[in-house]
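J.: Just passing along the structure, written as structure tokens.
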Amino acid sequence: DLEWKIIYVGSAESEEYDQVLDSVLVGPVPAGRHMFVFQADAPNPGLIPDADAVGVTVVLITCTYRGQEFIRVGYYVNNEYTETELRENPPVKPDFSKLQRNILASNPRVTRFHINWEDNTEKLEDAESSNPNLQSLLSTDALPSASKGWSTSENSLNVMLDSHMDCM
């Protein structure tokens, strides 16, 4: 089975503020192209440090197989006030009801990791050398997209994994 997670990075300073918004096991996954929708609750604003509530952060989508992470897709997220006055003079304590989150869905950062798919490294190396098209499990045109302009007043984060996932 593949385990997908949506993680909201609450602070660049420490992973202790990361929030796993949801995780789902998908599988067994036969070879081919697959598509699914992944929806999660919005991050808990009480767990985000005040100093990191406004500005840029990241939402990560990760996938693991047998406990081994093989892909991580990161989207930049800008949290900002919609009112000019609040943007120019933000309150000391963030007002989450007036913040808006915008996800830069058009420019994801993708990191792939080599893992042992079959518990047999030799088999993986043979497959890669016999078929050069198997250099990655996900092509760059098969990346997830995220909704833009979601507000903290909404109670969910919608991330559409409307891409195709190629599985060996």
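Using my numbering, the letters of the sequence shown map in sequence onto residues 1435 to 1602. A virtual CB, placed ideally from N, CA and C, is assigned to each residue, including glycine.
For Lys1439, which beta-bridge partners are listed by DSSP?
T.: In the DSSP output, where bridge partners are listed per residue, Lys1439 has Ser1457 and Thr1496.
J.: Which parts of the stretch 1500-1558 are runs of the beta strand (DSSP E), unbroken and 3 residues or longer, counting only runs that do not cross its ends?
T.: Within the stretch 1500-1558, the complete beta strand (DSSP E) runs of at least 3 residues are 1502-1515, 1533-1537 and 1543-1546.
J.: Could you check where the beta strand (DSSP E) with Asp1484 kicks off and where it finishes?
T.: Counting along the chain, Asp1484 falls outside any beta strand (DSSP E), and DSSP gives it neither H nor E.
J.: In chain order, what residues of the same chain have a beta carbon less than 8 Å from the beta carbon of Lys1532, not counting five sequence neighbours either side?
T.: The residues are Tyr1515, Thr1516, Glu1517 and Leu1520.
J.: Answer with buried or exposed for Gly1444, where buried requires no fewer than 16 other C-beta atoms within 10 angstroms of its C-beta.
T.: Gly1444 should be labelled buried.
J.: Do you know offhand how far Ala1485's Cα is from Arg1506's?
T.: Distance between the alpha carbons of Ala1485 and Arg1506: 26 Å.
J.: To the nearest angstrom, how far is it from the Cα of Gly1461 to the Cα of Val1544?
T.: Rounded to whole angstroms, Gly1461 to Val1544 spans 22 Å at the Cα level.
J.: Considering just the uninterrupted stretch of the beta strand (DSSP E) at Val1463, what are its terminal residues?
T.: Premise fails: Val1463 is in no beta strand (DSSP E) and is neither H nor E.
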